[in-house]
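Each residue of the sequence shown is one higher than the one before, starting from 1 at the first, in full-length UniProt numbering.
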Amino acid sequence: MPQTMTAPQEEEPEPGPSTAVLEPPQNWRDRPERAIPTKGLRAAKYSTEGKRTGRRRRRRIDRFPLLPPRINSPTRQRARLHTLIQDPDQELHDAANPPATSGNATDGPTDLRAPSGPGDPWPPTTGATHLGAGADDGGFAGSTDRSGSGHGAATGTTSRPRRAPADLRIIYWNAGGISGKIQDLRTLVQSQDIHIVLLGETKLRPRQQLRLPNFFVYRRDEVSPRGIAFRGTAVLVRRDIVHGGLEQPDFNNTGSIGVRLGAVGADLRLFAAYRPPGSHFCSSDVHTIFDDSTPTILAGDLNAKHTAWGSRVISPAGRQLLQDSEQHGYEVIGPDTPSHIPTDPRFRADVLDVVLCHQLPYPIYVEVLYDMDTQHLPILITLGTTAHMIPARPPTHRTDWDAFRSALEELHIGKSFSCPEQVDTAAQRLTEEVQAAYSAGTTRLPAQTSRRWDLPPHLKLALQKKRNLQKLWARTRCPRIKRELNHITQDLRQAVWTFRGAAWEETIEQAGEDWKSLHLLCRRLTRSPAPVCPLFDKTGTRRYAAKDRAEILAEHLEEQFTPHTPSDTPEAASHHVQVERRVEEFLMAPVPPLPGDYFVSPAETGKMISRLPKRKAPGPDGIPTAAIRQLPRRAVVAMTRLFNGILGTGHFPKNWKMGRVIAIPKAGKDPRLATSQRPITLLSHIAKLFERIALRRLLRHLTPRQEQFGFRSGHSTTLQLARVLHHMAAEHNRGRRTVGVFVDIEKAFDRVWHPELVLKLLNTQIPPALVRTVASFLEGRSFFVAVEDATSDPRRSQLQDWEEDVVLALYADDSAYFASSRRADLAAAKIQRVLDLLPEWLDKWRVAVNVTKTAAILTGQQRTMPPKLRLRGQDVEWQTKVRYLGVQIDRSMRMAAQMEQVIHQSRAAQSMLRPVLRSHLPLRAKLALYKGYIRSRLTYAAPAWYALCSISQRKRIQAQQSIALRMIVGAGRYVLNDVIARDLCIETVEEFIRRIARRMFDIADQGPHEFLRNIAPTHERSPSGRPLPRDITKTPPPKQ
């Protein structure tokens, strides 16, 4: 016969030590009655013939016989709780530390004082609190050791494990709506030193922010069709932990989000989950998460109760979860105390939040934290790993420069250098002597152990007292204890808020003392550090260890620094052979003498040393620029003698060719790919000093082509943009269409063909001895990648006439070609002829082009677009807007896209600097911040494009300045923007752009470069024509 499903019955746990502690006395009439007063008001209330209120009070006292007497006066009660917050030396409140009372085993415990630590609030239990597939005996309640194989239930008695540096501390909290509770969460994370936060029921809309200092946020919001936020999960990971996000699979009834960690020495997945109470439990949701051999932890409120993991009753969902865990081999762990404490005392506390483990090789411990006053208490998951979880702090030091200079007074590296071996020996000795002197004069200071804005001792003690009171409320469920808990929670929240506000004001005041400190503070606010993510190797496997990531980056860079594959055409192959043969003959010949005026004097070396930047990261030798600035006269003379030996022999020292590479993630790219990392090479500062000296001698004979604006004094991106936009606007006013192609040179600097570069230098007037030095500088260079404290193994680094109407614009490796005609197809044909000639030149000099990143644009309105341009047999797509030198150029030439970009950037900077702009800093300092961080974003390259903007767009930019100034002064709605700008002596945005544009064009017109004189000139145009860049320099007519 078919079985009939019946409603599950609540199963009470067997009486034992745990139940005696968990519940207050069930029958208060069985208690021995207290002595009844015979006089006064209390005697009347306790009289057997008294009013009903007397019976209620008697029932309350007998129900909670171990509570301290009530403080009758609300004023006295409030004052006592306030004293509890303010006075750190006061004894624990009587509610948290009641006197010991005698009693028997059946009546309950004899001492209800809450424990002083954040550990277990209950005496050790002997019942099974965790059950999984294949239960075994042993272990302790709420924890299990998975160092061995298999899965089992942890039972027995033990204490909470002591905190170890290798512990990974994770909390799960069903916040019931995180909005308004972020400050409490921050206090919890800071006091408990949490690494990862798992949140359930965040109830956030997509536009609502969830921020926690030094944490990276992954969130999954759920919004109803009516726009109401419900459910929702989130994971917050500390930024110093190597992690990465996971794809969000589709679940039936469970909301979940997960991350993948590598901080534990191996791969680990963490999920935060929540299942609504009215939904059906679907085991396939759990199987979707555990369908992998990777160790996985799922923590959440699944609304599944079972006595196997400490719940008071067994629900249908809990029975299904237990059966599924036994069948599929994962474990369910619950804390040994209730995690859900209903506000209504009529409902009993229970365990709702559980932890599911799959293939976990580490010991785990789960406990309840009494830091929150919500119904769902956070649970702390301590994972015993083998990795050191305390982040390394940057070392601090102090250098005695007098001792440093005295140690180098007797420096001697040789008098003359006639061969490469002597140059290498002298360079090695110079480096070692400076390193030894710097190390001897530097004292390493102990790293600061206190964290920034850590709570003071009296607030920590008040927080501990609040925990004790929360534990007492969880045991007794007394309404008076709840009221006192609410009062102390409110006072503590206000005290923490006041402390953090005062700490922030102190930080602002300290930073406002000098511009340097203020600039560093604003950089921290506007540039949040990127999260540390794993890297994929060639097999697609994630690598978390610092050594593995360094090797992956080194392998990628080694391939990136290899020259492009030569073309197989006969003409290109013949040219390559000739270039290599000529360069080889030059290098095999004896080094010709160098003219005398090319050698270095000690005065020139000292002058170049004084121009070294002060704040630059040291290279592989660890010598900072500050140490080079402090060199004594004798060391400067010895260094000058070495530089002359390098120029005379044409040999660059080998130990100066090593580079230390660090990687910075590119914005908007996948940080898990090695191709998304931007390498920064740190070289020896002594070697870079010689590079500066050699560059001055090379520039005597090098004259770049006039279209090249990069790496040249007196040239800038703004001037190049003004030249390009002037050409496009002038052609538009003449009724001509302009086609522009923006070519992306692939690895323009990383894959330079060195023989080609040496040959081009030989064809100039540079002395051959200096060319020999440059060739030695390029030969045999190597590098290693540094990731945190790990480094990779050293790697080797191997490094026409166009159409008359085509305009070429060059800035470093950014190349653009422009052609104009009255017909769009004719302009496109001119550009196509250039693109047809380009591959021959590219093959000749072994240069590659990334066609997929090459863009084309056609100005003006065109119903039918010309045929697509082609480069190397691939189509170049037509774009409605292109980005050139950081500026968005649209086909209509109205700069609408650029306007949206600068407004978005200025709003972002204004939002991040809001705490500083609204602080009590002097107006002078806040105005300097506005000019340096907000106005600079609004007016980037504005002299080139601002004249093309419409009047409405210019008003939008001016509005951004007005909003920022109102925030700085805190002006009311009745104060006019013009009045604020006048009182602050701030010119309008248009006046500022006009001033810097006049200065830029005046410098170009009066400078030594003839090509820049009268660049982007003004022309007569019709009223409907496009403005020209120089039009902004004209004084506008006065307003009527």
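Just so it is clear, CB atoms sit at the ideal spot from N, CA and C, and this is done for glycine as well.
| Check | Outcome |
| --- | --- |
| What's the call for Thr476, buried or exposed, on a 16-neighbour Cβ count within 10 Å? | buried |
| So what does DSSP say about Arg207, is it helix, strand or coil? | coil |
| I need the straight-line Cα distance from Asp778 to Tyr438, nearest angstrom please. | Checking the sequence shown, residue 778 turns out to be Leu, not Asp. Roughly 29 Å between the two C-alpha positions. |
| Look at the Cβ atom of Ser950, then the Cβ atom of Arg1026, and state whether they are nearer than 8 Å. | no |
| Leu298 lies in the beta strand (DSSP E); which residues open and close that run? | Thr296 to Asp301 |
| I need the straight-line Cα distance from Asp1031 to Val887, nearest angstrom please. | 19 Å |
| Starting from the Cα of Gln630, find the closest Cα among Gln435, Arg226 and Ile693 and give me that residue. | Gln435 |
| Considering only residues of the same chain and omitting the five flanking positions on each side of Val332, which have a CB-CB separation below 6 Å? | Trp309, Ser325, Val354 and Leu356 |
| Spatial neighbours of His376 within its chain, please: CB distance less than 6 Å, with the 5 preceding and 5 following residues excluded, ordered by chain position. | Asn174 and His340 |
| Taking all protein chains shown into account, do 16 or more other C-beta atoms lie within 10 angstroms of the C-beta of Thr852, making it buried, or fewer, making it exposed? | exposed |
| Counting along the chain, where does the alpha helix (DSSP H) carrying Lys415 start and finish? | No alpha helix (DSSP H) holds Lys415; DSSP gives it neither H nor E. |
| So, at 7 Å on beta carbons, what are the nonlocal neighbours of Ala706 in its own chain, with the 5 sequence-adjacent residues on each side left out? | For clarity, residue 706 is Gln in the given sequence; the question names Ala instead. Closer than 7 Å at Cβ, skipping near neighbours: Phe1011. |
| Which of the three DSSP states is assigned to Met895 in this structure? | coil |
| What are the partner residues of Asn174, as DSSP defines its beta bridges? | Gly200 |
| Between the alpha carbons of Phe992 and Arg524, how many angstroms are there, rounded? | 28 Å |
| Can you tell me where the beta strand (DSSP E) with Thr738 in it begins and where it stops? | Arg737 to Glu746 |
| Please find out if some non-hydrogen atom of the ligand NAD comes closer than 7 Å to the beta-carbon of Ala635. | With respect to the ligand NAD, the structure offers nothing, as it holds no ligand at all. |
| Identify the continuous alpha helix (DSSP H) that holds Glu484 and give its terminal residues. | Pro479 to Ala511 |
| Does Lys203 pass the burial test, meaning 16 or more other C-beta atoms within 10 Å, or should it be called exposed? | buried |
| Looking only at C-alpha atoms, which of Asp184, Pro225, Val237 and Gln192 sits nearest to Leu198? | Val237 |
| Thinking C-alpha only, which one of Arg444, Arg398, Pro479 and Ile297 is nearest Phe347? | Pro479 |
| In the DSSP output, which residue or residues are listed as bridge partners for Tyr974? | Partner(s): none; Tyr974 has no beta bridge. |
| Use the C-beta contact count for Asn252: other C-beta atoms within 10 angstroms, 16 or more gives buried, fewer gives exposed. | exposed |
| Need the endpoints of the alpha helix (DSSP H) that Ser283 sits in, please. | Ser283 to Phe290 |
| Would Val743 and Ser792 qualify as a contact pair, given that the criterion is a beta-carbon distance under 8 Å? | no |
| Could you give the C-beta distance for Val785 and Leu557, rounded to a whole number, given that I count them as a contact under 8 Å? | 7 Å |
| When the Cα atoms are used, what is the spatial distance from Pro316 to Phe271? | 23 Å |
| For the candidate residues Val807, Ser416 and Arg737, whose alpha-carbon lies nearest to that of Ile857? | Arg737 |
| Helix, strand or coil, according to DSSP, for Asp167 in the structure here? | strand |
| Tell me whether Cys522 is buried or exposed, calling it buried when 16 or more other Cβ atoms sit within 10 Å of its Cβ. | buried |
| Give, in chain order, every unbroken run of the alpha helix (DSSP H) that is at least 4 residues long and sits entirely within the region 902-982. | 914-917, 923-929, 935-938, 942-945 and 951-969 |
| Is the Cβ-Cβ distance between Pro338 and Ala349 less than 8 Å? | yes |
| Taking all protein chains shown into account, do 16 or more other C-beta atoms lie within 10 angstroms of the C-beta of Gln510, making it buried, or fewer, making it exposed? | exposed |
| Hey, quick one: how far does the beta strand (DSSP E) through Pro679 stretch, first residue to last? | Gln677 to Leu682 |
| On the CB-based measure, 16 or more other CB atoms within 10 Å of its CB, does Pro679 come out buried or exposed? | buried |
| Count the other CB atoms, across all protein chains shown, that sit within 10 Å of the CB of Asn303; report buried if there are 16 or more and exposed otherwise. | buried |
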